[in-house]
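Colleague: Using this note's numbering, you'd call the opening residue of the sequence shown number 7 and step up by one each time. We treat Cβ as the ideally placed atom computed from N, Cα and C, and that holds for glycine.
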Amino acid sequence: ALTQLNVELNPFEDPPREVVVAGQRAIFRYLHTLNQASTTNTIDFSRLGLRTFPVCHCDRTSLTKLTLDQNELESLPTEIAKLLKLEHLTLRGNNIRTLPLTIGLLGRLKTLDVGSNPIVTPP
């Protein structure tokens, strides 16, 4: 089993730089979450220090739950609208001031939790 991973000085887009800088534990957690997402249709990237949500994950059209709590997000990509099966989106404890208008295209969305964000315009 892999016990050590060195990814220094590689131009990765995914995992994001802030995850790579956080070290092996954060990288393994990130990659493990993505591996499980194919069977659980869930991604939990809480507390990873993310500044942005990687747009490449907006192509995971079977995703039903996305949790991005307690990061450093200031916004979401407009491509979030591609997650047509998304039912639960949790963004607690970030720095989000506005949400993209495309979030309104998520017709199956049942839960949108944006608590503890400096939102200036209601979703």
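(1) Drop a sphere of 10 angstroms on the beta-carbon of residue 74, count the other beta-carbons inside from all chains shown, and report buried for 16 or more, exposed for fewer.
(2) Report the three-state DSSP secondary structure of residue 67 (helix, strand or coil).
(3) How far does the alpha helix (DSSP H) with residue 40 in it reach, from first residue to last?
(4) Pick out whichever of 47, 42, 84 and 41 has its Cα sitting closest to the Cα of residue 59.
(5) Can you give the Cα-Cα distance for residue 118 and residue 95, rounded to whole angstroms?
(6) Report the residue from 124, 44 and 49 whose alpha carbon sits nearest the alpha carbon of residue 36.
(7) Please report how far the alpha carbon of residue 112 lies from the alpha carbon of residue 76, in whole angstroms.
(8) Where residue 80 and residue 67 are concerned, what is the direct C-alpha to C-alpha distance, given to the nearest angstrom?
(9) Given a threshold of 16 other Cβ atoms within 10 Å of its Cβ, counted over all protein chains shown, does residue 64 qualify as buried or as exposed?
Modeller: Judging by the given coordinates:
(1) Translated into positions along the sequence shown, residue 74 becomes position 68. Buried, by the Cβ-count rule.
(2) Working through the sequence shown from its first residue, we reach residue 67 at position 61. Coil.
(3) As a first step, residue 40 must be located in the sequence shown, where it is residue number 34. Where residue 40 is concerned, the enclosing alpha helix (DSSP H) stretches over 30-46.
(4) Taking the sequence shown and counting its residues from 1, the one referred to as residue 59 is at position 53. The shortest CA-to-CA distance from residue 59 to any of 47, 42, 84 and 41 is the one to 84.
(5) Numbered from its first residue, the sequence shown carries residue 118 at position 112. Numbered from its first residue, the sequence shown carries residue 95 at position 89. Spanning the two alpha carbons is a distance of roughly 5 Å.
(6) As a first step, residue 36 must be located in the sequence shown, where it is residue number 30. Measuring from the Cα of residue 36, the nearest candidate turns out to be 49.
(7) Residue numbering aside, residue 112 sits at position 106 when the sequence shown is read from its first letter. Residue numbering aside, residue 76 sits at position 70 when the sequence shown is read from its first letter. Residue 112 and residue 76 have their C-alpha atoms roughly 22 Å apart.
(8) Start at 1 with the first residue of the sequence shown, and residue 80 comes out as number 74. Start at 1 with the first residue of the sequence shown, and residue 67 comes out as number 61. Their backbone Cα atoms lie some 23 Å apart in a straight line.
(9) Your numbering for residue 64 matches position 58 in the sequence shown. Buried: at least 16 other Cβ atoms inside 10 Å.
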